[in-house]
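Take a look at the structure set out below.
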Amino acid sequence: MENNSAAGYWKATLGLLTKIMVVWFLVSYGAGILFADALNSIHLGGYPLGFWFAQQGSIYVFIALIFFYAKKMSEIDRKFDVHEE
Amino acid sequence: MDLQTLTYLVVGASFALYIGIAIWARAGSTSDFYVAGGGVHPVTNGMATAADWMSAASFISMAGLIANMGYGGSLFLMGWTGGYVILAMWLAPYLRKFGKFTVPQFIGDRFYSKSASTVAVICLLTASLTYVIGQMTGVGVAFSRFLGVSNETGIYLGMAIVFAYAVFGGMKGITYTQVAQYCVLILAYTIPAIFISLNLTGSFLPQLGLGGTLVGTDTTLLERLNQVVVDLGFAEYTTSVPGSKLNMFVYTVSLMIGTAGLPHVIIRFFTVPKVADARYSAGWALVFIAILYTTAPAVAAMAKYNLHKTVNVAIESNGDLYATESAIKYDERPDWMARWEKTGLLKWEDKNGDGRIQYYNDKTKNADVAAKAEQAGWKGSELTVNADIMVMANPEIAMLPNWVIALVAAGGVAAALSTAAGLLLAISSAVSHDLVKNVFAPNMSDKNELMVGKIAMAVAIVIAGWLGLNPPGFAAGTVALAFGIAASSLFPAIMMGIFSKKMNKEGAIAGMLSGLFVTLFYVFAHKGIFFIKGTDFVDMIGGPNAFFGITPEAFGAIGAVVNFIVAFAVDKVTKEPPEHIQHLVEEVRIPRGSKAVDGAH
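Heads up: the sequence lines are chains A and B, in that order. According to the working numbering, the residues represented by the first sequence are 1 to 85, in order. According to the working numbering, the residues represented by the second sequence are 1 to 601, in order.
Right under this line is the structure:
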């Protein structure tokens with residue numbers, strides 16, 4: 001409880017959101033679209049890598065991101081003492 | 001037992017299951033009808049959300065479009081899943097904390113204005129109605145095949161059944177019915193995919209099969225598919241893009257933020273018990289959605305390969321695709337083709353009069369292919385396959401047992417019905433509660449409110465069915481338009497309502513109206529005013545996709561940018577929101593003090 005203020009809580013929340021959105025952007029728009037052609041020269045099994053990110057990989061990362069977010073937010077809620085119950 | 005009887009039995013049994021569950025669950029839960037998720041585990045709620053979300057567009061249409069578009073089809077996969085990340089982090093927990101039941105209520109309260117809420121209703125109705133048109137297209141496909149009738153008759157019957165289903169009421173609101181629908185839908189989707197993956201690649205998981213090696217060869221599926229489609233004059237499967245990379249990028253953005261702006265999805269997160277649950281619930285919903293979404297690209301590639309393999313026997317034997325005997329004889333075509341010809345969605349026209357089916361890209365720019373086709377005496381591609389039939393026909397193309405085909409019919413019907421009914425309920429509550437009661441007749445009785453809602457539903461279904469007869473595109477493409485409309489109008493307003501304390505009502509209203517207007521203008525220019533055939537004015541805007549080659553389906557992202565710019569500009573020159581609204585925003589941002597949702601104003 002080093003910084004028990006609404007402003008601090010909001011800042012921590014936005015910080016977490018920014019980090020997650022960077023990863024979110026990199027796997028989908030980055031690996032899946034912008035750099036897909038370059039990544040396609042690498043293969044993952046029978047998949048060209050860029051194609052894999054666009055049709056499989058980005059979706060798996062999205063799931064991981066939401067659960068990571070939910071867990072981290074619970075920690076932030078407690079740290080700033082704004083959690084429910 | 002013949003296929004038609006078996007299909008009736010399986011679809012009938014699935015209906016009996018939903019109705020049985022609805023009756024069983026209803027007895028105990030009339031009181032918390034609207035708070036369906038209260039006391040329901042986040043995993044169960046996630047499953048119900050997934051059923052609600054995955055419509056005819058996801059189930060019936062999406063894989064077919066991916067099969068057509070190849071790599072470019074990834075925009076549906078990333079767009080319709082990546083939006084959940086935005087939804088889970090930017091909107092769901094805060095809207096849950098806010099604790100109102102509809103999106104127009106949130107916008108009306110946050111922007112302290114009935115006009116704002118009315119504008120939100122208009123945006124919501126435009127998006128939902130467009131979405132229902134896409135659903136009706138899918139319903140037509142499902143019912144025409146299921147009953148063995150023409151596509152038009154399928155749509156008329158579908159309209160009647162969807163209407164009965166929605167009016168029967170609250171069906172949709174009951175979480176356990178949706179859990180059952182999810183189970184039917186996901187089994188119907190994955191079982192044929194597993195069979196086909198095993199047949200083609202020997203891999204049990206379609207997600208691995210797509211990257212696997214064809215049985216009995218050392219060529220991978222994707223490599224062989226690339227070869228075949230390129231040899232027949234189509235674009236290479238793993239690299240083809242829709243128009244341009246820019247269009248693909250913008251299209252994906254549009255679908256993602258549209259996901260986060262669609263009212264019937266957002267509503268799901270109003271009904272969980274706690275703010276923390278809203279966050280996890282989005283994660284679980286995405287897990288269940290991902291089971292279908294990671295299977296879909298495998299279904300797409302395998303169905304495409306199987307379809308080519310069926311009509312051109314040289315593909316399997318690795319022979320000359322252009323040899324006379326390679327194209328199969330029409331008289332010896334498999335039964336499934338005859339069954340789909342009845343619906344009018346699959347057509348054969350013997351252009352060179354040799355009684356065989358030649359299927360290739362006759363508009364190819366590949367001179368080599370054009371020369372080979374010419375030499376072989378091919379006079380144009382003779383087979384027209386509507387993309388929307390790919391998933392439904394998939395098990396038949398792969399010659400799977402009849403019970404699998406019947407199961408897919410049940411899944412398609414479930415997907416189309418649940419979402420169409422859900423959207424109709426959203427439309428009816430927006431019209432009756434947020435528009436008529438809130439603005440025109442505040443003293444209306446509950447009974448009349450319900451009546452107005454039912455009339456709104458009936459009107460919506462007639463319009464949607466009528467436009468569904470001449471749809472503006474394939475089911476998934478039409479649904480993408482709905483996402484664009486939600487992305488450009490509702491999403492920015494909700495987001496600014498949470499993330500900007502200073503955004504005022506003038507800014508929000510101007511933003512919503514301009515975003516909606518710009519998007520509709522571009523869409524109607526291509527697809528006709530209110531999607532009525534023959535009223536398009538695409539020449540006026542400088543030809544199709546005149547704006548940097550961006551297609552109308554992708555334009556929602558541009559509309560959203562316009563919305564944000566206009567909103568901030570207007571906000572700058574008008575006075576800031578009252579003190580209590582700024583406090584309200586601060587209050588919404590922290591989880592503590594969340595209470596149960598109430599629908600009252």
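Backbone N, C-alpha and C fix where the C-beta goes; we use that ideal spot for every residue, glycine too.
{"Asked": "Proximal residues to glycine 559 of chain B (C-beta, below 6 Å), its chain only, five neighbours per side dropped", "Found": "Ser488, Gly515, Val518 and Thr519"}
{"Asked": "Residue span of the alpha helix (DSSP H) that contains threonine 49 of chain B, given as start and end", "Found": "42-53"}
{"Asked": "CB contact below 7 Å: glutamate 75 of chain A versus chain B", "Found": "no"}
{"Asked": "Inter-residue spacing [alpha-carbon to alpha-carbon] between methionine 451 of chain B and glycine 108 of chain B", "Found": "24 Å"}
{"Asked": "Residue-level contact to chain B via CB, lysine 72 of chain A, 7 Å cutoff", "Found": "no"}
{"Asked": "Coil, strand or helix - arginine 333 of chain B by DSSP", "Found": "coil"}
{"Asked": "Cβ-based burial, valine 141 of chain B [other Cβ within 10 Å; buried from 16]", "Found": "buried"}
{"Asked": "Within chain B, the residues that asparagine 6 of chain A reaches when beta carbons sit closer than 8 Å", "Found": "For the record, residue 6 of chain A in the displayed sequence is alanine; it is not asparagine. Simply Glu586, Arg589 and Ile590."}
{"Asked": "Stretch-stretch touch, CB-based, cutoff 8 Å, three pairs: the stretch 50-61 of chain B with the stretch 236-244 of chain B", "Found": "no"}
{"Asked": "Nonlocal neighbours in the same chain, by C-beta distance under 6 Å from lysine 172 of chain B, ignoring five residues either side", "Found": "Legend: pLDDT at lysine 172 of chain B = 46, less than 50; position of this residue unreliable, no value from coordinates given."}
{"Asked": "The stretch 109-117 of chain B in contact with the stretch 4-22 of chain B per 3-pair CB rule at 8 Å", "Found": "no"}
{"Asked": "Cut-off 8 Å between Cβ atoms - residues of its own chain near glutamate 586 of chain B, not counting five sequence neighbours on either side", "Found": "Lys501"}
{"Asked": "Contact set for alanine 525 of chain B: own chain, Cβ-Cβ below 8 Å, skip 5 residues either direction", "Found": "Asp536, Phe537, Val538, Met540, Ile541 and Pro552"}
{"Asked": "Helix, strand or coil at leucine 346 of chain B [DSSP, three-state]", "Found": "strand"}
{"Asked": "Under 7 Å between C-beta atoms of phenylalanine 491 of chain B and alanine 260 of chain B", "Found": "yes"}
{"Asked": "Cβ-Cβ distance between isoleucine 133 of chain B and threonine 384 of chain B below 7 Å", "Found": "no"}
{"Asked": "is_contact[valine 229 of chain B, chain A] using C-beta, thresh 7 Å", "Found": "no"}
{"Asked": "Beta carbon proximity, serine 41 of chain A to chain B, threshold 7 Å", "Found": "no"}
{"Asked": "Contacts of methionine 302 of chain B in chain A (Cβ-Cβ under 8 Å)", "Found": "Result: empty, since nearest Cβ-Cβ is about 13 Å, beyond 8 Å."}
{"Asked": "Assigned exposure category for isoleucine 405 of chain B - 16 Cβ within 10 Å defines buried", "Found": "buried"}
{"Asked": "DSSP state of isoleucine 376 of chain B mapped onto helix, strand, coil", "Found": "According to the sequence as given, residue 376 of chain B is alanine; it is not isoleucine. Three-state result, alanine 376 of chain B: coil."}
{"Asked": "Spatially closest choice to proline 401 of chain B from B:Ala188, B:Asp446, B:Thr324 and B:Tyr165, by CA coordinates", "Found": "B:Ala188"}
{"Asked": "Distance CB(lysine 379 of chain B)-CB(asparagine 361 of chain B) smaller than 7 Å", "Found": "no"}
{"Asked": "Proximity below 7 Å, CB of isoleucine 389 of chain B to CB of tryptophan 336 of chain B", "Found": "no"}
{"Asked": "Interface residues of the stretch 287-317 of chain B facing chain A [CB-CB below 8 Å]", "Found": "Val287, Ala290, Tyr293, Thr294 and Pro297"}
{"Asked": "Buried/exposed call for proline 442 of chain B, threshold 16 Cβ in 10 Å", "Found": "exposed"}
{"Asked": "Spatial distance of lysine 71 of chain A from glutamine 105 of chain B (CA atoms)", "Found": "30 Å"}
{"Asked": "Which residues DSSP lists as bridging threonine 213 of chain B, in chain order", "Found": "B:Thr220"}
{"Asked": "CA nearest to the CA of tyrosine 359 of chain B, picked from B:Ala367, B:Val408, B:Leu407 and B:Asn306", "Found": "B:Asn306"}
{"Asked": "Close beta carbons around valine 566 of chain B, own chain, < 6 Å, minus the five adjacent residues each side", "Found": "Ala510, Gly511 and Ser514"}
{"Asked": "Candidates A:Ile63, A:Leu49 and A:Ile33, of which the one nearest tyrosine 251 of chain B by Cα", "Found": "A:Ile33"}
{"Asked": "Proximal residues, the stretch 81-115 of chain B versus chain A, C-beta separation under 7 Å", "Found": "Thr81, Gly82, Tyr84, Val85, Ala88 and Met89"}
{"Asked": "Residues that threonine 384 of chain B bridges to, as DSSP identifies them", "Found": "B:Lys347"}
{"Asked": "Sequence-distant residues of the same chain with beta carbon closer than 7 Å to phenylalanine 146 of chain B, five excluded per side", "Found": "Thr7, Val11, Ala409 and Val413"}
{"Asked": "Chain A residues whose Cβ lies nearer than 8 Å to that of valine 275 of chain B", "Found": "Glu84"}
{"Asked": "8 Å contact criterion, which phenylalanine 51 of chain A and threonine 238 of chain B should meet: CB distance rounded", "Found": "5 Å"}
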